[in-house]
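One structure is given below, encoded as structure tokens.
Protein chains in written order, with our numbering: chain S, 1 to 575; chain L, 1 to 472.
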């Protein structure tokens, strides 16, 4: 699997990758570029980048915000959207083919394809959904919202009115009469007005206008970046933060034009992030994917080695990670404190599994962790420790890679293909401590050590936690040695154990820019890997090490990368 | 239909499994009304099954001795009743069964084939061997990578699958990885954990749920049950909707920027294909064509043979009912780590496959391979015992191509691949073992493609330059 695959050689560049000053260096560039967008005086990017904002104003040329593409609703978004649009509680997308993922997220535009198997499901789901709507009583709120006149007796004008109200919400933008003409015609073609109306409303949600988020460029040959219009921005924002269509307030703001200025946009972002129920979706989607929480669904700890691990513990670990994230959405603590939190969430089963003071009941509650062995925040979450382990033993490589990839965005380059990637290889090796095995492995190839020293160090620093995430002072080979060091610009930083490792990681300059990069990737739906200037500028505007999770999300939304788009050159279009 | 009492389908398809009742009714072939169009012509359709296993094989147990017709199966495929003496918990007799020796005259064993590696110097042998399995193309690690070309099953479906309810079906035996989890060494699962790809090299969505597979094949009036008025009205409405949205999307294209046009193109392509399928379904003859029984429930991964046997039964029923003629099956995810505790092989399959000579792990991987070959032999036997409309067996009109991502799961090598072919549809000479001495998978796919009438099958993938001689 992942970790085992990366267990091998790499170039010297590896050491540099973690302590690389290039990241901070490029922040300045980024600021300049952002400013240069100059796109508009009101751009959040330029205005917010206090440290660099001024630099760009004089530089010519547009900000390249990259090419974003029409984005198909993924399964979560489809379900949430039909809930809001049709007042249903059904989740038809659960039976759709799984969404293809890239870059660790299921919102990447270029990867979300449509195949016949999916279109068949759209067609059948539309019948179920619209028939359900037509089974509602006339007093139903959703029904009344669209059916403001009697389509059966009041004729085509009324039918058009109903379809316009419905399509405007379904397509998340104003709809013009010409677009509606074929739909009105379809009503008339039905064997009865009701059949015709059902057909037309089904068509509204089988339409590409419903299934995709389209954004337009005023001139497809002009590749300069420009602001999204209010409705396009409202949809980007709503699908980013809430995983669904804009609500009435946001939609009205789009119509009133208030999203086009910083203050108006900020008002909406603030309102949306304050909605604890809706924000749960952000945790379940972005949060869970960023931290790989759902990996926990598929790990299979060996029942003989870990008889105490069971399904309630697995479920509680997943909930623990999500509740931990949700807490940071509202607790005003800076992002680096996610690595030294003085709390976690546990229920009776999980508290007992971890050896924390007893908790009653199956519901998770916030429990203090000060002075316990679970006070390293993200690094002592069970879903991470158990999720990145092998069935019978820990995998320091997987854990190390996870930290590099998901917290520092410094995943090492892959090892060469001719290297044996298996540290269990060779009879008898399993009889040796894992640290010894990894050290032997590091020495196997000429370039191996450079990278493995970093990955393995991080993972070995967490060896006090076994393959199901429980604390242990010793293993079968004796007391755990959890010491290590990470290369850094001012000399290596050494640590002993999870808490000290957390302190080292919390101080890394890449931490917040990396998390911002993940947010941008998820929210805009494309890669931000190749050019760090955008993410670094956004992180700076959020306050870097002082940024909160919420502040970082706000900065992402206020950035040019989120609010702008541009037409692509022919050479930039991939099939 | 002959079937031993002990291994009868009734025995394994019934019963409460994982809390849900799993039951597939028996199709009584002998009592079926004839499938009108086909029955009248007297010809039976050909079928293709591409079958893939994760984590390679334990090659010392797989490798046959001797070549030609005078060969003996390795112990993984050979006779039942193997004695273990490996210190592991007992191997339940209910999980044992006849091996491929019981259908030796229906099987062609191919050794010495090689498949394509992933990109040069990029680790990820499992992803590399999975995406390339039926494409013979290099798997790229790029985030939005495609395979840049179709898999052989997709080409076969384009040739023989256009008049059935489903032109093809991609099935999976394990739930795919959730979002946020990468495949082998950071590959996108879209290329690193699929085996079926369309013309542009995008993965064909895989259905991993037995109930959903059943629905796709057997519900919606598509298998010849007389459509009632409501079903006919629904089809008419579906067609009118698709006609509208196709016209709309066509005009929409003119207003969009260049980067969005490929998205609308693929939307249009899929809408046209669904329209075609609806037309097909409405043209199918009425009358009962088969008896697929009732929809199966969900089977837990730890339930032993019941989970895989239900998948096999769905394949057999799909072929028998002519609901589809082309199936691909991924028995597990690439680098599948599910345990086989029910045969005493606890721990993750992928972890075990990296045994490094460890005696316990070797014992476990031997058990897994032996167990799976029992189930595969049962599938072959099932198809052999099904009478097709031409009076032959369904197996005689089917070709099964089975293989893995890597050869030896411990070594990760891509040469000396273990490959089995079964069934008579391609006209291969069965009942023998052929060492192909380094032929590429792509060459074998030329043999197969030609046998199924795929046009222009002179080259395939990156290395297929010509058919393998001497197989027919």
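Cβ coordinates follow ideal geometry from the N, Cα and C atoms, glycine included.
Just so we're clear, the structure is a prediction, and the values are computed from it rather than from any experiment.
The beta carbon of residue 256/L falls within 8 Å of a beta carbon belonging to chain S, placing the residue at that interface. Residue burial annotation: residue 167/L is buried, with at least 16 other C-beta atoms found within 10 angstroms of its C-beta.
Within the DSSP bridge table, the entry for residue 330/L names 52/L and 172/L as partners.
For the pair residue 386/S and residue 268/L, the Cα-to-Cα distance works out to about 44 Å. For a Cβ distance threshold of 8 Å, residue set 303 of chain S lies close to residue 341/L, ordered along the chain. In the displayed model, residue 344/S falls within a strand according to three-state DSSP. Under a criterion of Cβ atoms nearer than 9 Å, no residue of chain L is adjacent to residue 510/S; the nearest Cβ is some 19 Å distant.
C-alpha of residue 208/S to C-alpha of residue 370/L: approximately 49 Å in a straight line. In the DSSP annotation of this structure, the continuous segment of the beta strand (DSSP E) that includes residue 485/S starts and ends at 483-486.
Under the 10 Å beta carbon count, residue 357/L is surrounded by fewer than 16 other beta carbons and is classified as exposed. For residue 330/S, the uninterrupted alpha helix (DSSP H) segment begins and ends at 311-330. Around the beta carbon of residue 436/S, a 10 Å sphere encloses fewer than 16 other beta carbons of the protein chains shown; the residue is thus reported as exposed.
When DSSP states are grouped into helix, strand and coil, residue 425/L belongs to the coil group.
Secondary structure note for residue 396/S: its alpha helix (DSSP H) is the uninterrupted segment 396-402. For the 8 Å CB-CB criterion, residue 391/S and residue 302/S form a contact. At least one C-beta of chain L is nearer than 8 Å to the C-beta of residue 294/S. Taking 8 Å as the cut-off, the Cβ atoms of residue 250/L and residue 182/S do not count as close. The distance from the Cβ of residue 526/S to that of residue 243/S is about 18 Å, inconsistent with a contact at the 8 Å cut-off. The Cβ atoms of residue 151/L and residue 139/L lie no closer than 8 Å to each other. Residue 158/L and residue 366/S have their alpha carbons spaced roughly 57 Å apart. Within the same chain, 234 come within 7 Å of residue 251/S by CB-CB distance, once the 5 residues on both sides are set aside. Inter-segment contact for the stretch 43-52 of chain L and the stretch 337-345 of chain L is absent: fewer than three beta-carbon pairs are separated by less than 8 Å.
Between the alpha carbons of residue 194/S and residue 513/S lies a distance of about 54 Å. Residue-level contact by beta carbon holds for residue 244/L and chain S, with a gap shorter than 8 Å. With a contact defined as Cβ atoms closer than 8 Å, residue 425/L and residue 383/L miss out at about 11 Å. Under the Cβ distance rule, residue 217/S counts among the residues neighbouring chain L, one pair being separated by less than 8 Å. Looking at the DSSP output, residue 440/L shares a beta bridge with 114/L. The beta carbons of residue 204/S and residue 167/S sit closer together than 8 Å.
Residue-level contact check: residue 224/S does not touch chain L, since none of the beta carbons of chain L fall below 8 Å from its beta carbon. What residue 106/S touches in chain L, judged by beta-carbon distance under 7 Å, is 179, going in chain order.
The DSSP-derived three-state label of residue 474/S is strand.
Here residue 402/L carries a strand assignment [DSSP, helix/strand/coil]. Annotated three-state conformation of residue 354/L is coil, per DSSP. For a Cβ distance threshold of 8 Å, nothing in chain S lies close to residue 325/L: the least Cβ distance comes to about 16 Å. Spanning the alpha carbons of residue 413/L and residue 460/S requires a straight line of approximately 30 Å. The stretch 94-109 of chain L makes contact with the stretch 68-81 of chain L; the number of CB pairs closer than 8 Å reaches 3 or more.
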